[in-house]
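Residues 15 to 634 (the numbering used here) are what the sequence shown spells out, left to right. Glycine included, every Cβ here is placed at the ideal spot set by N, Cα and C. Remarks on the structure that follows.
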Amino acid sequence: MNEVKSPKKPLLYYYFVAMLLVMLFNFIAMPWISEHQIKDVDYNTFVTMTEQGEVGRVEIQEQSNRILFTSSDEKTVYKTAMVPDDGLVQRLLDAGVSTTGEEIEQTSLLVSILAWVLPIIIFVALGQYMSRKMMEKMGGGGNSMMFNMGKSNAKVYVKSAEGIKFDDVAGEDEAKENLTEVVNYLHDPSKYQEIGASMPKGILLVGPPGTGKTMLAKAVAGEANVPFFSMSGSEFVEMFVGMGASKVRDLFKQAKEKAPCIVFIDEIDAIGQKRSGGQYGGNDEREQTLNQLLTEMDGFEGNNGVIILAATNRPESLDPALTRPGRFDRRVPVELPDLAGREAILKVHAKKIKTADDVDFHTIARMASGASGAELANIVNEAALRAVRDGRKFATEADMEESIEVVIAGYQKKNAILTDKEKWTVSYHEIGHALVAAMQTHSAPVQKITIIPRTSGALGYTMQVDEGNHYLMSKVEIENKIATLTGGRAAEEVAFGSVTTGASNDIEQATKLARAMITRYGMSEDFDMVALETVTNQYLGGDASLACSTETQTNIDRQVVALVKKQHEKAAQLLLQNRGKLDQLAQYLYEKETITGDEFMAMLNEPAAQLPQDVPGTQE
């Protein structure tokens with residue numbers, strides 16, 4: 015069944031009608047109005063008014079065979095017919111009336127036409143200009159609705175503006191493989207049609223922020239020789255109801271006209287959230303936009319050759335009707351890169367800057383555990399900036415390591431001066447972390463210890479780096495990690511017999527781990543493998559909410575306290591058993607302010623030296 019659409023009159027038609035009306039008004043209405051504003055009198059009255067001094071100015075129009083004159087106050091205009099009068103000019107002179115004549119000349123036809131048409135053209139051009147400016151102010155575009163707010167402002171690319179290819183995207187091999195298949199289909203659909211396979215209508219890219227979802231879409235634009243429409247989900251949201259749906263229609267209309275093509279919608283969760291079901295407080299505009307998107311993606315009208323790419327970091331919030339097969343057939347996870355992926359990403363971004371030949375990207379990748387692609391790019395850029403600040407022509411491995419610390423903990427606070435007592439406290443605190451970690455099995459080796467304050471608020475930190483990829487954690491490993499977190503506070507207690515506020519972040523992390531062991535990981539004998547917490551927004555912080563009774567929650571709190579307390583006591587016992595090493599290493603860190611993991615392990619394996627009595631914590 016073919017859709018019959020009523021023909022639309024072109025815009026030129028309306029301009030022609032408007033110009034015709036303006037010309038009729040100028041030729042008929044204006045002369046009639048002007049004539050009726052002039053008072054008609056006879057010639058005798060004109061002569062009488064002249065002699066009585068009641069005439070102000072006179073204009074003799076011989077071509078029109080009439081005389082125009084004004085009253086002495088020039089508030090009224092009169093006209094009269096001309097009669098043969100030889101004494102008229104003298105009479106006017108005697109009365110002191112200002113007189114003008116009319117130069118008789120043949121008016122050109124072209125000039126007459128221009129005199130009427132040119133103002134109309136200027137009027138139309140000015141109207142067009144003002145209309146376009148108003149449309150830009152209102153955020154609209156082409157020919158749809160008032161101020162064109164219903165037109166989509168999708169960006170169209172034939173080739174990527176930045177020149178990004180799949181070779182420029184590292185660390186996401188599975189995602190690249192899926193998208194490469196799409197590009198191959200668009201280039202040569204016959205080999206897929208030969209076997210009877212059809213390409214997925216939609217591909218949903220999901221993952222944490224900064225993992226390269228948008229960059230992968232740009233790489234598709236760079237690889238594909240087909241039109242590529244890019245639009246953000248928030249651009250569909252409008253103040254007026256129906257505008258978002260109109261933009262969706264316009265976007266897919268453009269896409270169908272240029273098929274085969276790719277449509278990329280970034281942050282699709284802005285319009286694709288679950289519908290409220292008509293409950294109070296539902297967003298009608300957003301739901302209308304979503305309904306239109308659902309219709310366009312899988313309606314009665316097929317979208318042959320139009321492939322939809324979408325990106326989000328909140329897949330759990332999307333409407334099930336949007337994520338079902340037939341709309342988004344394939345979900346491509348774009349997760350945080352592993353060790354090999356981080357190394358590859360660092361090498362890709364390092365090509366854009368000058369680096370030393372001896373930079374070990376494997377070590378840098380191990381130190382940057384848990385970093386996203388965007389953070390790795392920032393690490394490389396920070397290394398280049400640090401090299402420029404130090405007056406070097408290339409970035410070194412030390413620059414890379416320092417940039418990791420900048421991204422993790424912030425810049426060094428040059429003006430932060432700790433008191434001697436605070437410096438000793440921080441030294442013991444950080445050595446306490448490192449020593450407890452070293453004295454336990456299944457703990458990540460210490461890479462660096464520093465007591466230089468950072469802009470993040472940390473007065474010092476201990477960096478631990480795993481040797482390789484670490485996907486699973488045992489119960490023993492988590493308990494050891496909690497003990498390591500409590501090691502700083504335990505060292506303060508052992509050395510000074512008092513505590514400070516410096517362990518606030520350690521306490522927060524230890525409590526979070528202990529609670530997760532009980533409520534999420536099933537590492538409690540009392541609750542066994544029962545999930546007591548539900549995790550939402552796994553890609554945006556992983557917020558958790560308890561799903562249990564008040565009595566159970568009380569029991570959970572009791573077990574969390576007991577677990578953390580047990581590991582705290584274990585850490586304190588380890589430090590008491592190695593008190594000599596604690597004092598020795600704390601003094602060394604106090605003097606050097608920063609020590610490496612190799613220096614720490616070398617001193618740890620040496621026999622404890624006798625420390626001077628003025629070191630805080632050595633006096634009993």
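| query | result |
| --- | --- |
| So residue 204 is in the alpha helix (DSSP H); what residue range does that whole segment cover? | 204-209 |
| May I have the straight-line CA-CA distance separating residue 612 from residue 491, to the nearest angstrom? | 23 Å |
| With a cut-off of 8 Å on the beta carbons, I'd call residue 14 and residue 500 a contact; round off their distance for me. | Since the first residue of the chain shown is 15 and the last is 634, residue 14 is not available in this structure. |
| Skipping 5 residues on each side, what residues in its chain have a beta carbon closer than 7 Å to that of residue 610? | 462 |
| Would you mind stating whether residue 417 and residue 388 have Cβ atoms separated by less than 8 Å? | no |
| Give the single residue among 484, 536, 280 and 571 whose Cα lies nearest to the Cα of residue 458. | 484 |
| Return the chain-ordered ranges of every alpha helix (DSSP H) run that is complete within the stretch 457-488 and spans a minimum of 4 residues. | none |
| Just to confirm my understanding: we take residue 34, look at its own chain, exclude 5 residues before and 5 after, and list those with CB closer than 7 Å. What are they? | none |
| Leaving out five residues before and five after residue 345 in sequence, what residues of the same chain have Cβ atoms less than 7 Å from its Cβ? | 218 and 220 |
| Apart from the five residues just before and just after residue 467, which ones in its own chain have a Cβ nearer than 8 Å to its Cβ? | 426, 427, 430, 432, 473 and 474 |
| Which partner residues of residue 347 appear in the DSSP bridge assignment? | 220 |
| Taking residue 527 as the reference, which of 238, 571, 381 and 605 has the closest Cα? | 571 |
| Starting from residue 453, trace the alpha helix (DSSP H) in both directions and tell me its first and last residue. | Element bounds for residue 453: n/a, residue is neither H nor E. |
| Cα separation between residue 406 and residue 367? | 12 Å |
| With a CB to CB cut of under 7 Å and the five nearest residues on each side skipped, what residues in its chain are close to residue 604? | 437, 438 and 441 |
| From residue 393 to residue 414, what does the alpha carbon distance come to, in whole angstroms? | 7 Å |
| Could you work out which residue in 515, 498, 139 and 420 is closest to residue 469 when comparing CA atoms only? | 420 |
| Nearest-angstrom Cα distance between residue 503 and residue 619? | 24 Å |
| Return the residue from the list 188, 240 and 304 that minimises the CA-CA distance to residue 273. | 240 |
| Relative to the C-alpha of residue 547, which candidate in 531, 77, 178 and 540 has its C-alpha closest? | 531 |
| Quick check on residue 312: does DSSP put it in helix, strand or coil? | coil |
| Excluding sequence positions up to five away, which residues of its chain have a Cβ less than 7 Å from the Cβ of residue 617? | 598, 599 and 602 |
| Closest to residue 79 by C-alpha separation, out of 98, 230 and 361, would be which residue? | 98 |
| How far does the beta strand (DSSP E) with residue 93 in it extend, from its first residue to its last? | 91-95 |
| Compute the Euclidean distance between the alpha carbons of residue 270 and residue 290, then round it to the nearest angstrom. | 31 Å |
| Using only alpha-carbon positions, find the residue among 384, 327 and 242 that is nearest to residue 321. | 242 |
| Could you tell me if residue 351 is buried or exposed, where buried requires 16 or more neighbouring beta carbons within 10 angstroms of its beta carbon? | buried |
| Can you tell me the Cβ-Cβ gap for residue 231 and residue 278, rounded? I've got them flagged as a contact below 8 Å. | 5 Å |
| Could you check whether residue 348 and residue 300 sit closer than 8 Å to each other, using their CB atoms as the reference points? | no |
| Nearest CA to the CA of residue 86: which residue from 72, 139, 372 and 573? | 72 |
| Quick check on the burial criterion: 16 or more other C-beta atoms within 10 angstroms. Buried or exposed for residue 374? | exposed |
| What are the partner residues of residue 439, as DSSP defines its beta bridges? | Answer by DSSP bridge pairing: none, since residue 439 is not bridged. |
| Output the boundary residues of the beta strand (DSSP E) element that contains residue 246. | 242-246 |
| Any chance the stretch 183-190 sits against the stretch 222-236, with 3 or more Cβ pairs inside 8 Å? | yes |
| Would residue 302 and residue 331 qualify as a contact pair, given that the criterion is a beta-carbon distance under 8 Å? | no |
| Going by C-alpha distance, which of 200, 559 and 412 is nearest residue 371? | 412 |
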